[in-house]
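A.B. asks: In the working numbering, the protein residues as written are 318 to 731.
Just passing along the structure, written as structure tokens.
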């Protein structure tokens, strides 16, 4: 985001660069960037609305910079145009070397969201040096383990561009997105701005770096047509039912173009319906979180449609493992991340209710636009290429998720 007119040039960027030096502070190290200029509709021209994993567009924050433990500091500086065009300061590579010489540098957009938080835990455990870029519109620093550096900004904001160039990651995991398929039907233009245009901006940023990082993109089961044979294989993608699916498929094609035209190595992982602890109630996999939160807090769970629609539910720990393997193997191309098993919504509700509120019954509501009747993806390709297979059984995963929501009842998991 660009700072407001009259702001002092580079102050937020300077904080971002000081953050990258790894100055020790307690807990998560956070720097906050100024918001971008907005047009009359409240939308930044060319803006990526979300910068968080599992992100939706929300109201913009005040132009303030925050470092963990230091409170809020008002920003003053140069006009937005000058700040946006300021060249990034050069930094010595030694300033950003991984601790102890282990691991590689990985930047995660949307890393403070549901999937992102679990992935960051997994990668940090492997000794990688991580930088998370997330605007926290739906994510939370609480999802991150200690000692992880977080730049609070849109992933294509000027401060994020400076951070990416300074950090010089070996890989970028792009999780930030607008993830609500039903919302994309109501506002396809907003979905395209976030999921296509802003992702293209990120590709251009990566292409400009030397050496160029590998990019791993979070795609979706929504790229498949409604009448696809189940479990769907990667080659069956096409004719998505929602603008959200169209956007994800478009980015996959752009990735292929950038691989062939510019040598930008990349892979797309098509996630089935991801669920697990700390999940918010938004997004294509959010039905588990919606049910669990309502059941744990005494609310009235609602099922859209008759509840016989099916989904392929894959646990977030398995998704984090798949991403880690794709990074380690330098995989390229497209892979489903799934279980290959259809489970109907009523079965999921019954399992959660049995653990959280026995005897509870759901309310039935009309189907939502963009909802598909059946979904399941084959994981044969990723099993052959990377040796990945789902390891968390649905009953086990739902039980653990229910227990987490029972403990967190009344709190927003993201």
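Every residue, glycine too, gets a C-beta built ideally from N, C-alpha and C.
Here the structure is a predicted model, which is why all the values come from computation and not from measurement.
Pair every Cβ in the region 602-611 with every Cβ in the region 642-661, then say whether three or more of these pairs are closer than 8 Å.
C.D. replies: Because the criterion of three Cβ pairs below 8 Å is not met, the region 602-611 and the region 642-661 do not touch.
A.B. asks: Restricting to Cα atoms, I'd like to know which of 567, 534, 633, 501 is closest to residue 656.
C.D. replies: Among 567, 534, 633, 501, the Cα nearest to that of residue 656 belongs to 633.
A.B. asks: Under the DSSP definition of a beta bridge, which residues are partnered with residue 588?
C.D. replies: Its beta-bridge partners are 537, 654.
A.B. asks: Just to confirm my understanding: we take residue 705, look at its own chain, exclude 5 residues before and 5 after, and list those with CB closer than 6 Å. What are they?
C.D. replies: Hits under 6 Å: 639, 642, 699.
A.B. asks: Please report the straight-line C-alpha distance between residue 584 and residue 620, rounded to a whole angstrom.
C.D. replies: Each residue's alpha carbon lies about 34 Å from the other.
A.B. asks: Have a look at 500, 489, 539 and flag the residue whose alpha-carbon is nearest the alpha-carbon of residue 530.
C.D. replies: Residue 489 is the option with its Cα nearest to residue 530.
A.B. asks: Would the beta-carbon of residue 428 fall within 7 Å of that of residue 452?
C.D. replies: For residue 428 and residue 452, no; Cβs fall outside 7 Å.
A.B. asks: What residues in its chain sit with their C-beta under 6 Å from that of residue 628, if we drop five residues either side in the sequence?
C.D. replies: Contacts found: 590, 692.
A.B. asks: For residue 676, tell me which candidate among 559, 702, 667, 710 has the shortest Cα-Cα distance.
C.D. replies: Comparing Cα positions, the closest option is 667.
A.B. asks: Quick one: what's got a C-beta closer than 8 Å to residue 576's C-beta in the same chain, skipping five residues either side?
C.D. replies: Closer than 8 Å at Cβ, skipping near neighbours: 582, 583, 649.
A.B. asks: What residue does the alpha helix (DSSP H) around residue 568 start on, and which one ends it?
C.D. replies: Unbroken alpha helix (DSSP H) run through residue 568: 560-579.
A.B. asks: Between which two residues does the alpha helix (DSSP H) holding residue 469 run?
C.D. replies: Unbroken run through residue 469 is the beta strand (DSSP E), 466-469; no alpha helix (DSSP H).
A.B. asks: Could you tell me the alpha carbon to alpha carbon distance between residue 618 and residue 710, rounded to whole angstroms?
C.D. replies: When rounded, the distance between both Cα atoms is 24 Å.
A.B. asks: Between the C-alpha atoms of residue 484 and residue 662, what's the straight-line distance to the nearest angstrom?
C.D. replies: For residue 484 and residue 662, the distance between alpha carbons rounds to 43 Å.
A.B. asks: Residue 697: which of 612, 720, 549 sits nearest, CA to CA?
C.D. replies: Closest option to residue 697, Cα to Cα, is 549.
A.B. asks: If we call anything under 7 Å between Cβ atoms a contact, is residue 561 one with residue 498?
C.D. replies: Yes; because the gap between Cβ atoms is below 7 Å, this pair is in contact.
A.B. asks: Tell me whether residue 724 is buried or exposed, calling it buried when 16 or more other Cβ atoms sit within 10 Å of its Cβ.
C.D. replies: Classification for residue 724: exposed.
A.B. asks: Would you list the residues sitting across from residue 740 in a DSSP beta bridge?
C.D. replies: As shown, the chain starts at 318 and ends at 731. That puts residue 740 outside it, with no answer to give.
A.B. asks: Kindly indicate which residue of 637, 456, 658 has the alpha-carbon position closest to the one of residue 534.
C.D. replies: When each option's Cα is compared against that of residue 534, the closest is 637.
A.B. asks: Quick one: residues in its chain with C-beta nearer than 8 Å to the C-beta of residue 680, no 5 flanking neighbours on either side, listed in chain order?
C.D. replies: These residues qualify, in order along the chain: 617, 618, 619, 620.
A.B. asks: Would you mind sorting residue 289 into buried or exposed? The rule is 16 or more other CB atoms within 10 Å of its CB.
C.D. replies: Since the first residue shown for the chain is 318 and the last is 731, residue 289 is missing from the structure and cannot be characterised.
A.B. asks: Which residue's Cα is closest to the Cα of residue 456: 435, 579, 658?
C.D. replies: When each option's Cα is compared against that of residue 456, the closest is 435.
A.B. asks: With residue 632 as the anchor, note down where its alpha helix (DSSP H) starts and where it stops.
C.D. replies: Segment 630-632 is the beta strand (DSSP E) holding residue 632; no alpha helix (DSSP H) there.
A.B. asks: Near residue 523, which residues of its chain fall below 7 Å by C-beta distance, leaving aside the five closest residues on each side in sequence?
C.D. replies: So the qualifying residues of the chain are 489, 529, 530, 532, 581.
A.B. asks: Flag this pair as yes or no: are the beta carbons of residue 598 and residue 672 separated by less than 7 Å?
C.D. replies: In this structure, residue 672 does not lie closer than 7 Å to residue 598 by Cβ.
A.B. asks: Measuring straight from C-alpha to C-alpha, what distance separates residue 713 and residue 504?
C.D. replies: Cα to Cα, residue 713 sits roughly 37 Å from residue 504.
A.B. asks: Mind checking residue 486: buried by the 16 CB within 10 Å criterion, or exposed?
C.D. replies: With 16 or more other Cβ atoms within 10 Å, it is buried.
A.B. asks: Excluding five sequence neighbours on each side, which residues of the same chain lie with their C-beta closer than 7 Å to the C-beta of residue 658?
C.D. replies: If we look at residue 658 and ignore the five residues flanking it on each side, its Cβ neighbours are 629, 693.
A.B. asks: For a test of the three-state rule: what should DSSP assign to residue 734, helix, strand or coil?
C.D. replies: Here the chain comprises residues numbered 318 to 731, so residue 734 is not present and cannot be evaluated.
A.B. asks: Expressed to the nearest angstrom, what Euclidean distance is found between the alpha-carbon atoms of residue 406 and residue 715?
C.D. replies: A caution first: residue 406 carries a pLDDT of 32, below 50, which makes its placement in the model unreliable, though a value can still be read off. Their Cα atoms are separated by approximately 48 Å.
A.B. asks: Please classify residue 469 as buried or exposed, where buried requires at least 16 neighbouring CB atoms within 10 angstroms.
C.D. replies: Residue 469 should be labelled buried.
A.B. asks: Should residue 447 and residue 465 be called a contact, given that it needs their Cβ atoms to be closer than 7 Å?
C.D. replies: Yes. Within cutoff.
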